[in-house]
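**Q**
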Amino acid sequence: MNKCYCNADFSAEDLKNIIKNVREKSNVVAQKQFLSSFPPSEIAAFHKKYPNYQKNPIYTYKGELVIKYGAADYYSLQKGTKITVDAGTTPVFYVQNKSDYTLFKDNLFHNNTNEKMSPQPDYAAFAKELNAAFSKYGINTCVRKIHFLAQCYLETFRFTKAYEDAGARAAGYKGGADFLGRGLIHLTNDYNYLAYYDAVNGTAHSKLYKNKIGEGVYDYICRIKNDPALKNDALKLESVMQQVRQFAPQLATNIHYAVDCAGWFWNKNNLNALADKDDVRAVSVKINGGTNGLPEREYYTKIFKEVMNFSVNHH
37 MNKCYCNADF
47 SAEDLKNIIK
57 NVREKSNVVA
67 QKQFLSSFPP
77 SEIAAFHKKY
87 PNYQKNPIYT
97 YKGELVIKYG
107 AADYYSLQKG
117 TKITVDAGTT
127 PVFYVQNKSD
137 YTLFKDNLFH
147 NNTNEKMSPQ
157 PDYAAFAKEL
167 NAAFSKYGIN
177 TCVRKIHFLA
187 QCYLETFRFT
197 KAYEDAGARA
207 AGYKGGADFL
217 GRGLIHLTND
227 YNYLAYYDAV
237 NGTAHSKLYK
247 NKIGEGVYDY
257 ICRIKNDPAL
267 KNDALKLESV
277 MQQVRQFAPQ
287 LATNIHYAVD
297 CAGWFWNKNN
307 LNALADKDDV
317 RAVSVKINGG
327 TNGLPEREYY
337 TKIFKEVMNF
347 SVNHH
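Set out below in structure tokens:
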């Protein structure tokens with residue numbers, strides 16, 4: 037794509053094409069093909085007479101697709117006729133490239149998780165929310181958008197879900213499983229949810245949270261609730277956190293909050309400055325707290341650059 041998106045919105049079609057092209061280039065592997073991958077109408081009746089015929093692998097020989105029976109007998113996939121294999125030659129497995137697009141096509145946020153978007157957004161809705169977040173949080177150049185989208189692509193399992201199925205790992209988050217990862221950039225821990233809740237509602241409840249290092253909001257409440265000087269703060273925070281807990285699922289089920297919270301986190305952590313330096317590692321550390329998934333984050337950033345025709349000199 038030759039279009040520059042510096043200070044320019046994505047149209048629904050632009051975004052769809054970008055994501056399609058990224059998915060087509062992502063996680064490409066050669067995969068053996070079986071009869072199950074072909075429409076029955078293209079398979080000769082000869083093959084269908086055998087039980088479980090769809091499990092047969094497909095071979096290719098001199099440009100023709102064939103099926104193997106016994107030690108060395110091959111039959112045309114479409115004609116069902118036996119073919120002659122020349123001495124010293126052997127048919128080889130027929131392979132097709134499999135990519136993210138093979139798996140997900142043009143679907144968005146469709147994976148069946150505990151918290152699924154409703155309604156499922158289309159590209160018009162997704163583009164609208166991205167454009168709004170880009171404008172609101174200053175993600176206004178190609179390099180910033182590329183880094184943002186690449187990180188989100190990894191965090192959301194290729195734009196298929198905005199909810200982290202953390203399982204047992206959720207117990208390690210401050211506040212527990214209610215505050216596991218949600219949004220395009222997975223927001224985690226009760227203190228981040230409280231801060232975003234404040235941002236959405238124009239409140240300042242986070243000022244009551246005067247934690248020690250490594251202490252979550254609920255940890256802080258437990259520590260101060262019996263302190264006469266801080267008891268009222270504990271009661272206020274406890275009441276607010278009930279509202280935050282009820283609000284939290286919207287970061288996974290509502291496309292507006294899923295996108296906006298990612299933009300908010302991006303801005304809060306000054307990630308535009310790191311994206312301007314084209315520093316994937318630094319961006320990743322800010323998002324993830326370390327280098328977990330760094331090779332994949334670098335890989336997806338490279339692909340988004342290719343698809344969006346990125347050039348340091350022009351963007």
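Under our numbering, the first residue of the sequence shown is numbered 37, with each subsequent residue one higher. We put the CB at the ideal spot given by N, CA and C, even for glycine.
#1: First and last residue of the beta strand (DSSP E) that includes L216?
#2: Between K134 and G208, what straight-line distance do the alpha-carbon atoms span, to the nearest angstrom?
#3: Hey, is N306's beta-carbon within less than 8 Å of any beta-carbon in chain E?
#4: Decide yes or no for the touch test of the segment 112-123 against the segment 132-146: beta carbon pairs closer than 8 Å, at least 3 of them.
#5: Taking Cβ positions, are Y110 and Y86 nearer each other than 8 Å?
#6: At which residues does the beta strand (DSSP E) containing L9 begin and terminate?
#7: In chain order, what residues of the same chain lie with their CB nearer than 7 Å to the CB of Y89, ignoring the 5 residues before and after it?
#8: With 16 as the cutoff for other CB atoms within 10 Å, does I249 come out buried or exposed?
#9: When we look at the beta-carbon of N349 and count the other beta-carbons within 10 Å, is it buried (16 or more) or exposed?
#10: With DSSP as the reference, identify every bridge partner of N133, one or two as the case may be.
#11: Can you tell me which of T126, P76, M153 puts its alpha carbon nearest to the alpha carbon of K115?
#12: Please state the DSSP three-state secondary structure of P127.
#13: With distance defined between alpha-carbon atoms, name the residue in A81, T125, Y229, A284 nearest to S112.
#14: Do G252 and Y227 count as a contact pair if the criterion is CB distance below 8 Å?
#15: So what's L223 in DSSP terms, helix, strand or just coil?
#16: Can you list the alpha helix (DSSP H) stretches of 4 or more residues lying completely in the segment 281-309, in chain order?
#17: Which residues bound the beta strand (DSSP E) around V121?
#18: Find out if the Cβ-Cβ distance for the pair N147, F193 is shorter than 8 Å.
#19: Check each candidate in Y245, T196, F301 and name the one with the smallest Cα separation from G325.
#20: By a C-beta neighbour count over all protein chains shown, 10 Å radius and 16 as the cutoff for buried, is E358 buried or exposed?
#21: Quickly, what does DSSP pair P93 with across the bridge? List them, please.
#22: Round the Cβ separation of L190 and G329 to the nearest angstrom and send it over; I've been treating them as touching at under 8 Å.
#23: Measuring only the C-alpha atoms, how far is A163 from L51?
**A** Once the coordinates are examined:
#1: Counting along the chain, L216 falls outside any beta strand (DSSP E), and DSSP gives it neither H nor E.
#2: 35 Å
#3: No chain E is part of this structure, which consists of one protein chain only.
#4: no
#5: If you check the CB distance, Y110 and Y86 do not come in under 8 Å.
#6: The structure shown does not extend to residue 9, since the chain spans only 37 to 351, so no value can be given for it.
#7: L71, H83
#8: exposed
#9: The pLDDT assigned to N349 is 46, lower than 50, so where the model puts this residue is not dependable; a value taken from the coordinates is nonetheless given after this. Classification for N349: exposed.
#10: DSSP lists A66 as the beta-bridge partner residues of N133.
#11: The residue from T126, P76, M153 with its alpha-carbon nearest to that of K115 is P76.
#12: coil
#13: With distances taken between Cα atoms, S112 lies closest to A81.
#14: yes
#15: In this structure, L223 counts as strand in the three-state DSSP scheme.
#16: Runs of the alpha helix (DSSP H) spanning 4 or more residues and lying entirely within the segment 281-309 occur at 286-289, 291-304, in chain order.
#17: No beta strand (DSSP E) contains V121, which DSSP labels as neither H nor E.
#18: Yes, these two residues count as a Cβ contact at 8 Å.
#19: F301
#20: Nothing can be reported for residue 358: it is not among the residues displayed for the chain, which extend from 37 to 351.
#21: F70
#22: Their Cβ separation, rounded to whole angstroms, is 6 Å, which keeps L190 and G329 in contact under 8 Å.
#23: 6 Å
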